[in-house]
Amino acid sequence: MFATLPPPKINWSSRSRPTTPSHQPEQPKPKDKTLAHAKLCHLRYYRSAIFRFKITFPSDYPARPPVVQFTTDVYHPLVSTKDGIFSLAPRIPDWSSHEHNVFHILHWIKASFKKRALDGLDEASCLNKDAFRMYKESTSSFASLAAQSASLSQSSSALYGENRDASDTGILMFSRTSSSDLNKLRSELGLTSWASQPTA
Numbered sequence: 001m002f003a004t005l006p007p008p009k010i011n012w013s014s015r016s017r018p019t020t021p022s023h024q025p026e027q028p029k030p031k032d033k034t035l036a037h038a039k040l041c042h043l044r045y046y047r048s049a050i051f052r053f054k055i056t057f058p059s060d061y062p063a064r065p066p067v068v069q070f071t072t073d074v075y076h077p078l079v080s081t082k083d084g085i086f087s088l089a090p091r092i093p094d095w096s097s098h099e100h101n102v103f104h105i106l107h108w109i110k111a112s113f114k115k116r117a118l119d120g121l122d123e124a125s126c127l128n129k130d131a132f133r134m135y136k137e138s139t140s141s142f143a144s145l146a147a148q149s150a151s152l153s154q155s156s157s158a159l160y161g162e163n164r165d166a167s168d169t170g171i172l173m174f175s176r177t178s179s180s181d182l183n184k185l186r187s188e189l190g191l192t193s194w195a196s197q198p199t200a
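Take the sequence shown: its position 85, counted from the start at 1, is 85 in UniProt numbering, and no numbers get skipped.
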């Protein structure tokens, strides 16, 4: 049943706000239906981070799980410092095509950045043992390193893809947007400038 499902599509609702006011996301035109790209934003220790990751679906999906790989450097116990691979093991230790699908993976990716999930991790399932130990032994130091990776994720090269290679076709990208183009887009979507939003 799940083998016929394509990777999830991004739906940009007129109610959603751009993560960064001066950046306009471009819709990708994926050539490879076994690959999906996404971004995570606004997560506790990683506040204001914009982490890119990709999900690669094996040819025999859903018999085998997809592989999640962060393409932005992330200081996290479940993300390998070597290649950015993300561990599904704490939430999905034994993949079952009858029980699991890509939505479970997406939910786990998001949840794994929250305190509750970080508190429940065990060292055996972590790919970055140093980050795991740092979280358990010195949460304030971990928070500083997580905040640093969040800050780096907002750098010009990370946002605009100035160091991307040819294998990144179909990736979600931000493009520099002028104020006039941004105002035009806001008008088309029925949004007002953030500066004119009433404060609570």
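Glycine residues also receive a C-beta, built at the ideal position from the N, C-alpha and C atoms.
Classification of residue i by the beta-carbon crowding that lies within 10 angstroms, buried from 16 upward
i: F103; result: exposed
i: T192; result: exposed
i: P62; result: buried
i: N153; result: What sits at residue 153 in the sequence shown is Ser, not Asn. By the 10 Å Cβ count, S153 comes out buried.
i: S180; result: exposed
i: G84; result: buried
i: H100; result: buried
i: L185; result: exposed
Range of the contiguous alpha helix (DSSP H) that encloses residue i
i: T139; result: 139 to 152
i: F103; result: 102 to 111
i: L88; result: From DSSP, L88 is part of no alpha helix (DSSP H); its letter is neither H nor E.
i: Y75; result: Careful: Y75 lies outside any alpha helix (DSSP H) and carries neither H nor E.
i: K114; result: K114 -> no alpha helix (DSSP H), and no H or E assigned at all.
i: S157; result: 156 to 160
Whole-Å CB distance - residue i paired with residue j, under 8 angstroms assumed
i: F51; j: F86; result: Incorrect: roughly 10 angstroms between the Cβ atoms, too far for contact.
i: N126; j: P77; result: Asn is not the amino acid found at residue 126; the sequence shown has Cys there. Indeed they touch by this definition, with Cβ atoms about 4 angstroms apart.
i: E123; j: F132; result: 5 angstroms
i: S156; j: A49; result: That belief does not hold up - the Cβ atoms of S156 and A49 are roughly 15 angstroms apart, past 8 angstroms.
i: R44; j: K115; result: 6 angstroms
i: V68; j: N128; result: Incorrect: roughly 14 angstroms between the Cβ atoms, too far for contact.
The beta strand (DSSP E) enclosing residue i, as first and last residue numbers
i: K184; result: Premise fails: K184 lies in the alpha helix (DSSP H), 179 to 189, not in any beta strand (DSSP E).
i: S48; result: 46 to 56
i: V68; result: 67 to 70
Minimum C-alpha distance to residue i - residue among the options
i: K110; options: F70, T56, S96, D83; result: F70
i: D130; options: S156, S179, V74; result: V74
i: S175; options: L159, H107, E137, P90; result: L159
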